[in-house]
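*Asks:*
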Amino acid sequence: MDAVLWSPYWVGAGIGILSWLVFLLCNHPLGVSTAVAKSAGMIEKALRGPKVEQKAYWQENKPAIDWEWMLVLGLLLGAVTAALLSGTFQWEWIPPMWAEAFGSNVWNRLAVALAGGILIGFGARWGCGCTSGHGISGSLQLVLSSWLAAAMFFIGGIAAAFCLYRIF
Amino acid sequence: MAGKINLSNGPRYLLGLLFGFCFGFLLQKGGVTRYDIIMRQLLLEDFTVLKIIFTAIAVGMVGVYGMKQAGWIELHKKQGSLGTSVPGPLIFGIGFGLLGYCPGTGIGAVGHGALDALVGGVVGMLIGCSLYAAVYPKLKGTVLNKGNFGDKTLIDVLPVRSPWAVIVPVVLLIAAMLWSIEAAGF
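Which chain is which? The protein sequence lines are A and B, in order.
Counting in this note's numbering, the first sequence runs from 712 upward without gaps.
Counting in this note's numbering, the second sequence runs from 11 upward without gaps.
#1: Considering only their Cβ atoms, is the gap separating glycine 838(A) from threonine 94(B) smaller than 7 Å?
#2: At 4 residues or longer, what runs of the alpha helix (DSSP H) sit wholly inside the region 732 to 763 of chain A?
#3: For the beta strand (DSSP E) that contains asparagine 819(A), what are its first and last residues?
#4: May I ask you to report which of helix, strand or coil DSSP gives alanine 124(B)?
#5: Taking C-beta pairs closer than 7 Å, name the residues in chain B that glutamate 803(A) reaches, listed in chain order.
#6: Starting from tryptophan 769(A), find everything on chain B with Cβ-Cβ shorter than 8 Å and list it in chain order.
#7: Consult DSSP for valine 854(A) and reduce its assignment to one of helix, strand or coil.
#8: Run through the DSSP bridge pairs and tell me what glutamate 803(A) is partnered with.
#9: Could you tell me whether the Cβ atoms of phenylalanine 864(A) and phenylalanine 57(B) are closer together than 7 Å?
#10: In whole angstroms, what is the alpha-carbon distance linking serine 856(A) and alanine 714(A)?
#11: Per DSSP, glycine 90(B) forms a beta bridge with which residues?
#12: Excluding the 5 residues preceding and the 5 following leucine 128(B) in the sequence, name in chain order all residues of the same chain whose CB lies nearer than 7 Å to its CB.
#13: Kindly indicate if chain A contains any beta-carbon less than 7 Å away from that of arginine 22(B).
#14: Between serine 718(A) and the rest of its own chain, which residues show a CB-CB distance below 6 Å, the 5 nearest in sequence each way excluded?
#15: For tyrosine 671(A), which option in Pro173(B), Leu60(B), Ser190(B) has the closest C-alpha, if you only look at C-alpha atoms?
#16: In terms of alpha-carbon separation, which member of Phe879(A), Trp858(A), Ile728(A) lies closest to proline 99(B)?
#17: Tell me the rounded alpha-carbon separation between isoleucine 177(B) and leucine 17(B).
#18: Helix, strand or coil for leucine 168(B) per DSSP?
#19: Would you tell me roughly how many angstroms separate the C-alpha atoms of tyrosine 111(B) and glycine 827(A), rounded to the nearest one?
#20: What does the Cβ neighbour count give for valine 743(A), buried or exposed, with the cut at 16 atoms within 10 Å?
#21: Leaving out five residues on either side along the sequence, give the residues of the same chain with a beta carbon under 8 Å from the beta carbon of leucine 132(B).
#22: Under a CB-based cut-off of 7 Å, is arginine 820(A) close to chain B?
#23: Cβ of serine 850(A) less than 7 Å from any chain B Cβ?
#24: Taking a Cβ distance cut-off of 9 Å, strictly less, list which residues of the region 738 to 772 of chain A are near chain B, in chain order.
#25: If you reduce the DSSP assignment to three classes, tell me which class proline 179(B) lands in.
#26: Could you tell me if proline 147(B) is buried or exposed, where buried requires 16 or more neighbouring beta carbons within 10 angstroms of its beta carbon?
#27: Is any non-hydrogen atom of the ligand NAD found closer than 6 Å to the C-beta of glycine 20(B), if you look at the structure I gave you?
#28: What are the residues in the region 50 to 65 of chain B lying within 9 Å of chain A by C-beta distance?
#29: With 7 Å set as the bound, which would you pick, yes or no: does the beta-carbon of glycine 195(B) sit closer than that to a beta-carbon of chain A?
#30: Under a CB-based cut-off of 7 Å, is proline 113(B) close to chain A?
#31: Counting only beta-carbon atoms, is glutamine 38(B) nearer than 7 Å to chain A?
#32: With a threshold of 16 other CB atoms inside 10 Å of the CB of glycine 844(A), please say whether the residue is buried or exposed.
#33: Quick check: what's the CA-CA separation for valine 69(B) versus glycine 789(A)?
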């Protein structure tokens, strides 16, 4: 429990077994990005009032706390606990690999991270899922649209990573 | 044969919190909440991410289809079309390469104190979701339905009588791929 890293195969098997349990006991697949979207809807509602709920997207995806939102809250708590147990918790603005390639200016890192986050949020909703919902849950059910989406995640990701680290 | 389990919302939410806790714990212990490990996967230098995802898919698939056959669960498949499953995920992918975290691993990264994942990543994702909600009515009647192929699975499109005729070869292919990655020294 206090080891910093576990074998990727044990971790993968653990996530696979976790997906059995959520299908069996919660009648739901593992997924994250819908909960992020609902949080965005709840923030919009808090800032701009209940008329936000009339937007077509928020009518189809009610901005409220639901099962998946609880899952994501648990995810954060579990990640904090694991980091504390292994003694790796540390506030950090810039990851080591970024600092080595692009220096220690926090604003540069934040600008690229923010742009990436916006594209992720936008793209996850357009494609109806993320690396968890399509990449793991959809793929393990052998759903063709999920396999296609997962391939696109990595094609886009590899292209952007090579542009960032190898070209510019 | 046991029937399907239907919990009321209270225990179901509590289990969601507990399973989320396990998920975040595993992501953190797997190292995939680390920017460097995700970025090195996208640069094809480290294959931790691929090993975790494909092991989860293989293990998950066997149990989920086994439980479906026993009548314990229903599948939860998402509808897809060329108009949703290509452009959206490509945009997501570019964002993934810029941020260096996906939604789950980004929130998991906040768990070890990564402030770029919180202030850049999570805030950006929330903005991106709201932007999508704003343009959704324009996309809905046009691009989203292009090339609709529904929720078909690989089992549906292959001429097999039993789902295991697909599952077993897929699991073996995944095992062979992971073995090759190890054999190649990654």
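Glycine included, C-beta positions come from ideal geometry on N, C-alpha and C.
*Replies:* On the basis of the supplied data:
#1: Yes.
#2: Along the region 732 to 763 of chain A, the alpha helix (DSSP H) occurs as fully enclosed runs of 4 or more residues at 744 to 759, listed in sequence order.
#3: Not the beta strand (DSSP E): asparagine 819(A) falls in the alpha helix (DSSP H), residues 817 to 837.
#4: Strand, per DSSP.
#5: Those are Gly123, Ala124, Leu125, listed as they occur along chain B.
#6: Under the 8 Å cutoff, chain B gives Ala143.
#7: When secondary structure is reduced to three states using DSSP, valine 854(A) falls in the strand class.
#8: By DSSP's assignment, glutamate 803(A) forms a beta bridge with Ala124(B).
#9: Cβ distance not < 7 Å, so phenylalanine 864(A) and phenylalanine 57(B) don't count as in contact.
#10: Straight-line measurement puts the Cα of alanine 714(A) at about 37 Å from the Cα of serine 856(A).
#11: Looking at the DSSP output, glycine 90(B) sits in a beta bridge with Gly160(B).
#12: Val120.
#13: So, interface residue.
#14: A distance below 6 Å between beta-carbons, with the five flanking residues on each side excluded, links serine 718(A) to no residue of its chain.
#15: It is not possible to answer for residue 671(A), since the shown part of chain A is limited to 712 through 879.
#16: Comparing Cα positions, the closest option is Trp858(A).
#17: Isoleucine 177(B) and leucine 17(B) have their C-alpha atoms spaced approximately 29 Å apart.
#18: Residue state, collapsed to three classes: coil.
#19: Their backbone Cα atoms lie some 9 Å apart in a straight line.
#20: Valine 743(A) is buried by the Cβ-count criterion.
#21: The question names leucine, but residue 132(B) is valine in the sequence shown. Gly116, Ile117, Val120.
#22: By this cut-off, arginine 820(A) is an interface position.
#23: By this cut-off, serine 850(A) is an interface position.
#24: The residues in question are Asn738, His739, Pro740, Leu741, Gly742, Val743, Ser744, Ala746, Val747, Ala748, Lys749, Ser750, Ala751, Gly752, Ile754, Glu755, Val763, Lys766, Ala767, Tyr768, Trp769, Glu771, Asn772.
#25: Helix.
#26: By the neighbour-count rule (16 or more Cβ atoms within 10 Å), proline 147(B) is not buried but exposed.
#27: The model on display carries no ligand, and the ligand NAD is accordingly not part of it.
#28: Those residues of the region 50 to 65 of chain B placed with their C-beta closer than 9 Å to a C-beta in chain A are Arg50, Gln51, Leu52, Leu53, Leu54, Phe57, Thr58, Val59, Leu60, Lys61, Ile62, Ile63, Phe64, Thr65, ordered along the chain.
#29: In terms of beta-carbon proximity, glycine 195(B) stays away from the interface with chain A, with every pair separated by 7 Å or more.
#30: Yes, because at least one Cβ of chain A sits closer than 7 Å to the Cβ of proline 113(B).
#31: With 7 Å as the cut-off, glutamine 38(B) counts as an interface residue toward chain A.
#32: Classification for glycine 844(A): buried.
#33: The straight-line gap from Cα to Cα measures roughly 22 Å.
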